Every structure is written in C-alpha cells, then in structure tokens.
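J.: As numbered in the UniProt record's numbering, residues 1 to 158 make up the sequence shown, in order. We treat Cβ as the ideally placed atom computed from N, Cα and C, and that holds for glycine. This structure is a prediction, so every number in the text was calculated from the model and none was measured.
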Amino acid sequence: MEQHEVSSNEVQIVAFKLKREEYGMSILNVEEIKRLTDITRVPFTPDFIKGVMNLRGSVLPVIDLKKRIGLPDAEYTDATRIIVVKLEEITVGMIVDAVTEVLTIDSAHITSSKQITSTENDAHSESNKFINGIGNLNNRLVILLNLSEILGLNGEIK
1 MEQHEVSSNE
11 VQIVAFKLKR
21 EEYGMSILNV
31 EEIKRLTDIT
41 RVPFTPDFIK
51 GVMNLRGSVL
61 PVIDLKKRIG
71 LPDAEYTDAT
81 RIIVVKLEEI
91 TVGMIVDAVT
101 EVLTIDSAHI
111 TSSKQITSTE
121 NDAHSESNKF
131 INGIGNLNNR
141 LVILLNLSEI
151 LGLNGEIK
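1. By Cβ distance, which residues of its chain are closer than 6 Å to Val142, with the 5 residues on each side in sequence left out?
2. For Leu153, count the other beta carbons within 10 Å of its own beta carbon; 16 or more makes it buried, fewer makes it exposed. Which is it?
3. Restricting to Cα atoms, I'd like to know which of Arg20, Asn9, Phe130 and Ile49 is closest to Met94.
4. Comparing the C-beta of Lys66 with each C-beta of chain B, is any distance below 9 Å?
5. For the alpha helix (DSSP H) containing Lys67, list its first residue and its last residue.
6. Have a look at Gly51 and Val11 and give me their C-alpha separation to the nearest angstrom.
7. Can you check the UniProt domain "CheW-like" (10 to 156) for any alpha helix (DSSP H) of at least 4 residues that lies completely inside it and give the ranges in chain order?
8. Answer yes or no: do Ile63 and Val102 have a C-beta to C-beta separation smaller than 9 Å?
9. Looking only at its own chain, which residues have a Cβ that is under 6 Å from the Cβ of Arg81, when we skip the five neighbours before and after it?
10. Buried or exposed: which applies to residue 176, given that a residue is buried once 16 or more other Cβ atoms fall within 10 Å of its Cβ?
11. Rounded to whole angstroms, what's the CA-CA distance from Glu149 to Lys129? Just pull it up for me.
12. Quick test of your reading: Leu18 and Leu65, contact by CB under 8 Å. State the CB separation rounded to the nearest angstrom.
13. Are the beta-carbon atoms of Ser58 and Leu147 separated by less than 9 Å?
14. Mark Gly155 as exposed unless 16 or more other C-beta atoms lie within 10 angstroms of its C-beta, in which case mark it buried.
15. Closest to Pro61 by CA distance: which of Asp38, Lys114, Gly133 and Leu71 is it?
16. At the level of alpha carbons, what is the spacing between Glu89 and Glu31?
17. Excluding the 5 residues flanking Ile69 on each side, which residues of the same chain have their C-beta closer than 6 Å to its C-beta?
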C-alpha cells in the first residue's frame with residue numbers, strides 16, 4: 001500500500017465546516033471523529049459547553065465550536081460530527097457541522113494570523129485569537145484554528 005509521506009515543510013490538517021466556511025486543525029491533535037451522540041447538559045457552565053458524553057467509560061466534555069468562536073447557532077444535521085481532540089493533557093469533543101477531509105498543506109502556503117491582523121486594531125486581534133492562520137491549497141482557503149486558545153490554555157500551537 002502506497003502512502004503519501006509528509007515532508008517537514010508540510011502540515012496535515014483535518015478540515016471541517018462551520019456554517020459555510022472551511023476550518024482546520026492539526027491531525028496530530030485529533031484522536032477520533034464521531035457521529036453526534038447523547039450529550040448530558042451540565043448546569044452553570046458557559047453556553048458554548050454543550051455538556052459531557054461517555055467515551056468508552058470516560059467522561060468527555062463537549063463544546064459547540066461555532067458558539068466558542070462566536071458564530072451563530074445552527075441546527076444539527078446528519079453530517080454533524082464530534083471531533084475528539086487532545087492538547088497537552090486535555091481531551092475535549094468539539095461539535096462541527098461536517099468533517100470534509102484530511103489535507104496536506106505546504107507551510108509556505110499558510111499565512112499566520114499575525115500577518116492577517118497586523119493592520120487591524122487590538123479589538124480585532126482579540127476576536128481573532130482563535131485563529132492561527134489561513135491555509136491556501138490551490139485557491140481553497142482553510143481557516144486554521146488555535147486549539148490552545150479555544151481550550152483556554154492561552155498560547156500558540158506550533
């Protein structure tokens with residue numbers, strides 16, 4: 001079986017949809033992708049935290065990624081998925097509208113969020129803290145998310 005080898009200047013990302021835009025995160029942080037399942041609501045949590053789910057006997061917090069990054073709410077569909085991600089010692093499920101594919105993007109085709117927001121004022125920079133950069137794959141733009149900020153760990157992911 002032939003496999004595509006990823007060179008040191010390429011990044012593999014899991015691409016997914018939130019509303020009409022395509023987003024992505026490093027495949028190295030993705031543990032698995034699951035269909036939407038029963039989620040138990042936890043009282044007195046921020047509105048972007050949907051609750052918890054049982055993942056093979058472990059309790060896993062689940063967040064609605066659209067709400068977390070400030071996008072309007074939408075109904076869940078058959079394409080809705082939970083991406084289980086792990087960063088440092090934290091494992092979380094993230095609800096997305098649909099998972100599209102795994103992409104390999106040359107790091108030369110990734111524009112950092114600092115380059116995008118450098119001419120903007122600080123208010124825009126604060127609202128863009130969840131974005132690491134924009135990947136351009138044959139004129140297909142993928143917004144790369146900063147999982148550290150989304151999970152509240154405050155720092156950039158390299």
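T.: In terms of the structure at hand:
1. Here residue 142 corresponds to residue number 142 of the sequence shown, with the count starting at 1. Result list for Val142: Ala15, Glu22, Gly24 and Gly135, in chain order.
2. Position 153 of the sequence shown, counted from the start, is the residue given in the question as residue 153. Exposed.
3. Residue 94 sits at position 94 when you count from the first residue of the sequence shown. Ranked by how close their Cα comes to the Cα of Met94, the residues Arg20, Asn9, Phe130 and Ile49 have Ile49 in first place.
4. Of the protein chains in this structure there is only one, and it is not chain B.
5. On the sequence shown, position 67 is the one that residue 67 refers to. Leu65 to Arg68 is the span of the alpha helix (DSSP H), which, as asked, contains Lys67.
6. Numbered from its first residue, the sequence shown carries residue 51 at position 51. Numbered from its first residue, the sequence shown carries residue 11 at position 11. Gly51 and Val11 have their C-alpha atoms roughly 31 Å apart.
7. Counting only runs of 4 or more, we get 65 to 68, 113 to 117, 122 to 127 and 147 to 150.
8. By 1-based counting over the sequence shown, the position of residue 63 is 63. By 1-based counting over the sequence shown, the position of residue 102 is 102. Against a cut-off of 9 Å, the Cβ pair of Val102 and Ile63 comes out as no contact.
9. Stepping through the sequence shown from its first residue, residue 81 is reached at position 81. Only residues of its own chain outside the window of five on either side were considered, and among them Ile33, Val96 and Val99 have a CB closer than 6 Å to the CB of Arg81, listed in chain order.
10. Since the first and last residues shown for the chain are 1 and 158, residue 176 lies out of range.
11. What you label residue 149 is simply residue 149 of the sequence shown in a count that begins at 1. What you label residue 129 is simply residue 129 of the sequence shown in a count that begins at 1. Those two C-alpha atoms are separated by around 7 Å.
12. The residue you call residue 18 lines up with position 18 of the sequence shown. The residue you call residue 65 lines up with position 65 of the sequence shown. With 8 Å as the limit, Leu18 and Leu65 qualify as a contact, their Cβ atoms being about 6 Å apart.
13. For the purposes of this step, residue 58 is identified with residue 58 of the sequence shown, where counting begins at 1. For the purposes of this step, residue 147 is identified with residue 147 of the sequence shown, where counting begins at 1. Taking 9 Å as the Cβ cut-off, Ser58 and Leu147 do not qualify as a contacting pair.
14. Reading the sequence shown from its first residue, position 155 is the one you call residue 155. Caution applies to Gly155, whose pLDDT of 44 falls short of 50 and renders its modelled position unreliable; the value that the coordinates give is listed next. When all chains shown are included, Gly155 counts as exposed.
15. The count along the sequence shown starts at 1 and reaches residue 61 at position 61. Of the candidates Asp38, Lys114, Gly133 and Leu71, the one whose C-alpha sits nearest the C-alpha of Pro61 is Asp38.
16. Here the question's residue 89 lines up with position 89 in the sequence shown. Here the question's residue 31 lines up with position 31 in the sequence shown. Taking the straight line from one Cα to the other gives about 12 Å.
17. Residue mapping note: residue 69 aligns to position 69 of the sequence shown, counting from 1. Within the same chain, and ignoring the five residues on either side of Ile69 in sequence, the residues whose Cβ sits closer than 6 Å to its Cβ are Phe130.
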